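Note that full-length UniProt numbering gives residue 69 to position 69 of the sequence shown, counting from 1, and the numbers run on in steps of one. Just so it is clear, CB atoms sit at the ideal spot from N, CA and C, and this is done for glycine as well. Quick caveat, the model's predicted, so the values are computed rather than measured. Here is the structure we will look at.
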Amino acid sequence: MARALMNRPALLLADEPTGALDTAAGQDVSRLLTGLNAEGQTIVVVTHDLALARSCTNRTVRIADGRITEDVRSQAVAPEAVR
Numbered sequence: 001m002a003r004a005l006m007n008r009p010a011l012l013l014a015d016e017p018t019g020a021l022d023t024a025a026g027q028d029v030s031r032l033l034t035g036l037n038a039e040g041q042t043i044v045v046v047t048h049d050l051a052l053a054r055s056c057t058n059r060t061v062r063i064a065d066g067r068i069t070e071d072v073r074s075q076a077v078a079p080e081a082v083r
């Protein structure tokens with residue numbers, strides 16, 4: 001993840017970013033993604049964990065059977081939500 005972030009990419013792709021992590025490390029990654037999004041970083045998170053996707057982005061697109069089944073925009077992530 002550090003290598004992906006060091007050049008401040010215009011678009012960050014995160015494929016199952018917490019998939020192989022324990023709970024504490026997964027929460028750290030979630031907070032990192034939330035903070036980056038709050039700073040204006042565009043992030044695409046591909047995950048089976050809908051709660052993760054919704055917690056660290058302000059738009060969630062859900063795909064099932066090759067079709068978009070949900071496209072939800074939420075309020076921007078508040079900086080104070082980042083811990």
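Per DSSP, cross-strand counterpart(s) of residue i
i: residue 86; result: Outside the shown range of the chain, which is 1 to 83, sits residue 86, and nothing can be said about it.
i: Thr23; result: Paired residues: none, contrary to the question.
i: Asn13; result: Note that residue 13 is Leu in the sequence shown here, rather than Asn. DSSP, once it has assigned bridges, lists Val44 as partnering Leu13.
i: Arg3; result: Note: Arg3 sits in no beta bridge, so no partner.
Helix, strand or coil at residue i [DSSP, three-state]
i: Asp28; result: helix
i: Thr42; result: strand
i: Arg8; result: coil
Status (buried if at least 16 other CB within 10 Å, exposed otherwise) for residue i
i: Asn7; result: exposed
i: Glu16; result: exposed
i: Thr57; result: buried
i: Ala20; result: exposed
Could you check whether the segment 27-46 touches the segment 68-75, counting it as contact only if at least three pairs of C-beta atoms, one from each stretch, sit closer than 8 Å? No: fewer than three Cβ pairs fall under 8 Å.
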